[in-house]
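Peer 1: As they're listed, the protein sequences go chains U and W. Each residue of the first sequence is one higher than the one before, starting from -6 at the first, in the working numbering. Each residue of the second sequence is one higher than the one before, starting from 752 at the first, in the working numbering. Yeah, the Cβ is synthetic: ideal placement off N, Cα and C, and Gly gets one too. Below: one structure in structure tokens.
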Amino acid sequence: MDRHATEYHYRRGEHGQVLILAVVALVLVVIAAMLLFDVQTVIRGKIKGQNGMDAAALSAAEWQRHSLNLIGELNLVRATGTLISDVHTNRFFANAIKNAPEESGNSAEFFAELPWSIPLEEFTLFPEKEEFYYPDGTVNMGKLIEEIVRVEKEKRYLDALNRLVSQLQTRIAFVGPLIAFGAAQQAATNNQVFSNGDTGLLLNEYLRIISEDRDGNYDGVDSEKVNDYFWRGPYLYMLQSIFNDNKGIPAATRFNFVGMPVFSSDPPSPLSGYLGNKGFYQAIIGRNWCELDPILDLDLSGNWWSDFQQATNGDFSRQSEILPLHIRFSDSASTYDNAYNAEAFDGPSFSDTFNDIDPYNYQEAMSEVVDEQRESEGNKRVYHTYTTITIDVEKLPPLETYVDRDDRRYDFLPHLSWAVFDYEWRSYSNYQRDWADICLEGKIKDGMDYQSGARAYFEARQNIVALSTEGSVGRARESSFTNNILSLAEAKPIGRIKLKDSNNNSAYRPPFEAGRMVLPVFDGTALIPISLEPPSGNISMNDINWFYYLTEFVPLLSGSPTLEEAWDRARSAEGSHWQRYQHYYNALRDLNNPEFHKRGREWLSTPTAWETDARGNRRPIRTRRDDCNVQGGGPVMATPSLN
Amino acid sequence: MAGAFSFADRRGEHGSAILESFLSMILIGMILFGILQLFQLALADMVADYAAFRGARSAAVGFKEQYIDRQIFVKAAVASGQVIAPDPTTYPDWNRGETEKSLLEDYMNARPRHIEYAYWHGGGDPFHWNYRCPQYGEPMYGDCGICNAESIAGKPKPKIHVDYSGNSLNESIWVKMSFVNYPLTIPLHDWFTGEDSITVSSERVELANHSSAYLE
């Protein structure tokens, strides 16, 4: 054997010693790198998700703002159009006929048979007053009837204008929020937040409900037409386009919609509302004994769900159900009167609201018209009488066919229907005020202490693909980080209006205090704390599992004596999505288990603080139940992420 | 004899393999630990950036400073060492993921169920002390002696420091957070730094202040 061969043979046993170590080191480094990469991916996803939802909420709130301002502008157009018309004449006739004797026939006869002279001061409102009198002072009936016809035509024009304005406002209330919704999706996509499939599933369910219900099943609402606006086609088309353009719905919102499941119990049971309350299930799953405390002593071994009836929501909101503006239409005279009396239409008020940067140049002209009107009229309640007569514009007969005093010839004032803020717009509750005092840095500005009906809430649920395994991610994955990232944000249009109170003092007030009339006073948008104004919708677009649970499983409960039987029926149903909501069913099973209740009671009664007496004996002075309800260091409040 | 010759010939190399291995192991160990230490610091740095971002986001919608601190502390929890209160070994049903998450939520909601991490001390949130230290009332969990100590076992105590600027009148706000005295826990770290700890700071995160629209 030559020397080299021997040496090779001798050192062969040493081969790989360092290699083993190097491999071990390499494996460690790779695992650590994967962990680091995963954490970085999750953090990046969280930051992108938050930025994406912030951008989505702000974009949507901006479009809500534009929509509200446009609707407010159209209220002003309506007011302006009426003011510049010949309402003086109309009002004269309306007043005259209102006081007319019952037996009067048609207009000509009525005026011919007037038992009294028309007061001269009323006629002062006529610009052409002399034309209605003969030189001997008697009324020229021919001219008068001619005038009546002219006024009627004028009123019809105004009715048409008002109707058109209402239609435009309704159109905006449908289309504006959907533009907001689309803009939000675009903003989310631009921030690299992409759709997850679940959001699309729920939106598809919604589109199915909207498109299938063509039988007018919505309570009290024409299912095809709202204020002459055929909403359904454009609504469906826009939603479908938004879905297609963004390959899904990256920014989901919460909403209430026609056809969604609702629950009731008659008489109300102690558990009323729990069955359809997702937070209730989350409390069970999370063993949140503090939240469950009120029901832990109840006997739930029977079929306690038999008290509940499930139905579907039949209320259609007459506007976009996604990001709704929460406006409605009101015929009330007080709408205009209150706004007018508070000087909501006055130029200075608008100018103040917009900090002298007034994009609405017509407002001063508008103010002049109002002042002129007031001056000439001598009575600012110009519109008071019109609401005493209800007009159905749809059924207007031709002028020649008028036959009795109940028809339109006696109704000389136009039909006005103002777009007003719905009751979702309201002043902060005491809880909200307290919350703001405790949690927020600074006092809320005057006139800003209200809950906005138009709020843009968005949430994104991103699924992050992790390189490392569940075990090796270890601590990071277990505690703060998961690969299912939820990001939330909420924004709203910001606006207030300067109004005069009963003491004639001007102050900033919430926009809905101008007779609840929508006016173009929204001059900005801002992100707001979600806990201050929680989203009003009951169902999240991200939550198809919950929707399936409510629509597939819960209805089966009512006819089943046991949970298990309902579950068997749900699993065997065709097209069932039972895998998606099994955890909710498991939560109900937990609730039915007496051991679960016992465990909760034990947890709540565990002492958390003791005192020691003089003999050295310790005795508990506090339990976890006490800790559930006692404040410490700050308010007990729902701030899941201080967003 | 070829084998004897060979053996004799290599006698001078006795131990060289061990020495080579040893040197290689040291070299590889240094590289390995160095990389792991860098990874640990990179993790803390990323977490600090994220915590500062979330703190700034809370500030942007108008939360008070103590809640901003609370937000930052919670988001920094993943790089804040072990839970020291409540003591996990004595806590009933302790589940690292769920219990910590639940306690962190309670901490955010200002409920008295308190949680404390080893590197959390500091910050401006008086809530931290309410349930830990006798001078603020009955201690609820664990030992309070650690609260005000400047050092533990002769080593500087780690803590979180938050810099924050902005109020409702400012158009923007900024937040910066630091892990002060962040422990270097990987072996051999002092070969490189000569220190047992280091300060890890986030970027200065600046955001538009939305609360100025509705707060005075």
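Using DSSP with H/G/I as helix, E/B as strand and the rest coil, what is Ala810(W)?
Peer 2: The count along the second sequence starts at 1 and reaches residue 810(W) at position 59. Residue state, collapsed to three classes: helix.
Peer 1: Just checking, does the region 591 to 600 of chain U make contact with the region 565 to 576 of chain U on the three C-beta pairs under 8 Å criterion?
Peer 2: Too few Cβ pairs lie closer than 8 Å, so no.
Peer 1: Looking only at its own chain, which residues have a Cβ that is under 6 Å from the Cβ of Phe119(U), when we skip the five neighbours before and after it?
Peer 2: Walking along the first sequence from the start, residue 119(U) turns up at place 126. Reliability fails at Phe119(U), whose pLDDT of 46 lies under 50, so the model's placement of it is uncertain and no value is given.
Peer 1: Could you tell me whether any Cβ in chain W is nearer than 8 Å to the Cβ of Glu526(U)?
Peer 2: On the first sequence, residue 526(U) is found 533 positions in, with the first residue counted as 1. With 8 Å as the cut-off, Glu526(U) does not count as an interface residue toward chain W.
Peer 1: So the candidates are Tyr501(U), Trp411(U), Gly175(U), Gly45(U); which of them puts its Cα closest to the Cα of Asn239(U)?
Peer 2: To locate residue 239(U), count along the first sequence from 1; it is residue 246. Ranking Tyr501(U), Trp411(U), Gly175(U), Gly45(U) by Cα distance to Asn239(U) puts Gly175(U) first.
Peer 1: How long is the line joining the alpha carbons of Tyr801(W) and Gly193(U), rounded to whole angstroms?
Peer 2: In the second sequence, residue 801(W) corresponds to position 50, counting from 1. In the first sequence, residue 193(U) corresponds to position 200, counting from 1. Their Cα atoms are separated by approximately 30 Å.
Peer 1: Beta-carbon of Ile786(W) versus every beta-carbon of chain U: anything under 8 Å?
Peer 2: Taking the first residue of the second sequence as 1, we reach residue 786(W) at position 35. Yes - at least one Cβ of chain U is within 8 Å of the one on Ile786(W).
Peer 1: Determine the chain U residues that contact Leu783(W) at a beta-carbon separation under 8 Å, and present them in chain order.
Peer 2: By 1-based counting over the second sequence, the position of residue 783(W) is 32. The contacting residues are Ala18, Leu21, Val22.
Peer 1: Compare the beta carbon distance of Leu196(U) and Met510(U) with 8 Å and say whether it is the shorter of the two.
Peer 2: Within the first sequence, numbered from 1, the residue matching residue 196(U) stands at position 203. Within the first sequence, numbered from 1, the residue matching residue 510(U) stands at position 517. The answer is no: Cβ separation not under 8 Å.
Peer 1: Quick one: list the residues of chain C neighbouring Leu67(U), beta-carbon separation under 9 Å, in chain order.
Peer 2: The question asks about chain C, but that chain is absent: this structure's protein chains are U and W.
Peer 1: Just the C-alpha distance for Trp282(U) and Glu851(W), rounded to the nearest angstrom, thanks.
Peer 2: Counting from 1 along the first sequence, the entry for residue 282(U) is found at position 289. Counting from 1 along the second sequence, the entry for residue 851(W) is found at position 100. Each residue's alpha carbon lies about 16 Å from the other.
Peer 1: Report the three-state DSSP secondary structure of Leu966(W) (helix, strand or coil).
Peer 2: Numbered from 1 along the second sequence, position 215 holds the residue referred to as residue 966(W). Reduced to three states, the DSSP call for Leu966(W) is strand.
Peer 1: Per the contact definition of three or more C-beta pairs closer than 8 Å, is the region 788 to 800 of chain W in contact with the region 926 to 937 of chain W?
Peer 2: Cβ pair count under 8 Å is three or more, so yes.
Peer 1: Taking only runs that begin and end inside the region 219 to 255 of chain U, name each unbroken alpha helix (DSSP H) of 4 or more residues, in chain order.
Peer 2: Counting whole runs of 4 or more residues, the region 219 to 255 of chain U contains the alpha helix (DSSP H) stretches 225 to 238.
Peer 1: Leaving out five residues before and five after Lys271(U) in sequence, what residues of the same chain have Cβ atoms less than 6 Å from its Cβ?
Peer 2: Reading the first sequence from its first residue, position 278 is the one you call residue 271(U). Excluding sequence neighbours, Lys271(U) sits near Trp539.
Peer 1: Which complete alpha helix (DSSP H) runs does the region 423 to 466 of chain U hold, if anything under 4 residues is left out?
Peer 2: Here the runs fully enclosed are 423 to 432, 463 to 466.
Peer 1: Using CA atoms only, rank isn't needed, just tell me which of Ala332(U), Asp415(U), Glu284(U) is closest to Ala320(U).
Peer 2: Residue numbering aside, residue 320(U) sits at position 327 when the first sequence is read from its first letter. The residue you asked about is not Ala; residue 320(U) is Ile in the sequence shown. Taking only the C-alpha atoms, the option nearest Ile320(U) is Asp415(U).
Peer 1: In whole angstroms, what is the alpha-carbon distance linking Asn496(U) and Ala869(W)?
Peer 2: Residue 496(U) sits at position 503 when you count from the first residue of the first sequence. Residue 869(W) sits at position 118 when you count from the first residue of the second sequence. Cα-Cα distance, rounded: 60 Å.
Peer 1: Given a cut-off of 8 Å on the beta-carbon distance, is the pair Ser480(U) and Gln33(U) in contact?
Peer 2: Taking the first residue of the first sequence as position 1, residue 480(U) is located at position 487. Taking the first residue of the first sequence as position 1, residue 33(U) is located at position 40. Contact: no.
Peer 1: Return the CA-CA distance between Asn155(U) and Pro522(U), expressed in angstroms with no decimal places.
Peer 2: Taking the first residue of the first sequence as 1, we reach residue 155(U) at position 162. Taking the first residue of the first sequence as 1, we reach residue 522(U) at position 529. If I take the Cα positions, the gap works out to 38 Å.
Peer 1: Taking C-beta pairs closer than 8 Å, name the residues in chain U that Tyr965(W) reaches, listed in chain order.
Peer 2: Along the second sequence, one-based indexing puts residue 965(W) at 214. Those within 8 Å of Tyr965(W) in chain U are Ile437, Lys438, Met441, Ile487, Ala519, Ile521.
Peer 1: Assuming Ser327(U) and Gly508(U) form a contact by the criterion Cβ under 8 Å, report the distance between their Cβ atoms to the nearest whole angstrom.
Peer 2: Residue 327(U) sits at position 334 when you count from the first residue of the first sequence. Residue 508(U) sits at position 515 when you count from the first residue of the first sequence. Confirmed, about 6 Å.
Peer 1: Nearest chain W C-beta to Gln455(U) closer than 8 Å, yes or no?
Peer 2: Taking the first residue of the first sequence as 1, we reach residue 455(U) at position 462. So no, Gln455(U) is outside the interface.
Peer 1: By Cβ distance below 8 Å, which residues in the same chain neighbour Asp290(U) in space, the five residues on each side in sequence not counted?
Peer 2: What you label residue 290(U) is simply residue 297 of the first sequence in a count that begins at 1. Within the same chain, Asp290(U) has close Cβ partners His590, Arg594.
Peer 1: Within 8 Å (strictly less), CB to CB, does Glu957(W) reach chain U?
Peer 2: Counting from 1 along the second sequence, the entry for residue 957(W) is found at position 206. No - not a single Cβ of chain U is within 8 Å of the one on Glu957(W).
Peer 1: Whose C-beta lies closer than 6 Å to the C-beta of Glu124(U) among residues of the same chain, with five residues either side of it excluded?
Peer 2: Residue mapping note: residue 124(U) aligns to position 131 of the first sequence, counting from 1. Hits under 6 Å: Lys136.
Peer 1: To the nearest angstrom, how far is the alpha carbon of Pro170(U) from that of Leu318(U)?
Peer 2: Residue numbering aside, residue 170(U) sits at position 177 when the first sequence is read from its first letter. Residue numbering aside, residue 318(U) sits at position 325 when the first sequence is read from its first letter. The straight-line gap from Cα to Cα measures roughly 7 Å.
Peer 1: Just how far apart, CA to CA, sit Gln178(U) and Asp191(U)?
Peer 2: Stepping through the first sequence from its first residue, residue 178(U) is reached at position 185. Stepping through the first sequence from its first residue, residue 191(U) is reached at position 198. The straight-line gap from Cα to Cα measures roughly 15 Å.
Peer 1: Give the DSSP-derived three-state secondary structure of Ile637(U) in the structure shown.
Peer 2: Residue 637(U) lies beyond the residue range present for chain U, which begins at -6 and ends at 636; the question has no answer from this structure.
Peer 1: With H, G and I counted as helix, E and B as strand and the rest as coil, what does DSSP make of Thr599(U)?
Peer 2: By one-based count along the first sequence, residue 599(U) stands at place 606. Three-state DSSP puts Thr599(U) in coil, outside helix and strand.
Peer 1: Verify the CB distance criterion: does Val32(U) have a CB-CB separation below 8 Å to chain W?
Peer 2: Along the first sequence, read from residue 1 onward, the residue named residue 32(U) stands at position 39. Yes, because at least one Cβ of chain W sits closer than 8 Å to the Cβ of Val32(U).
Peer 1: Going by CA-CA distance only, name the one from Phe309(U), Leu21(U), Asn498(U), Val23(U) that's closest to Asn249(U).
Peer 2: Residue mapping note: residue 249(U) aligns to position 256 of the first sequence, counting from 1. For the residues Phe309(U), Leu21(U), Asn498(U), Val23(U), the minimum Cα distance to Asn249(U) belongs to Phe309(U).
Peer 1: Using a beta-carbon distance below 8 Å, is Phe930(W) in contact with chain U?
Peer 2: As a working mapping, residue 930(W) is identified with position 179 in the second sequence. It does not: the Cβ of Phe930(W) has no partner Cβ on chain U nearer than 8 Å.
Peer 1: Within 10 angstroms of its Cβ, does Thr950(W) collect 16 or more other Cβ (buried), or is it exposed?
Peer 2: Stepping through the second sequence from its first residue, residue 950(W) is reached at position 199. Thr950(W) comes out exposed.
Peer 1: Pull the bridge partners of Phe322(U) from the DSSP assignment, please.
Peer 2: Residue mapping note: residue 322(U) aligns to position 329 of the first sequence, counting from 1. Beta-bridge pairing links Phe322(U) to Ala412(U).
Peer 1: Could you give the distance in angstroms between the alpha-carbon of Glu816(W) and the alpha-carbon of Val23(U)?
Peer 2: Translated into positions along the second sequence, residue 816(W) becomes position 65. Translated into positions along the first sequence, residue 23(U) becomes position 30. If I take the Cα positions, the gap works out to 40 Å.
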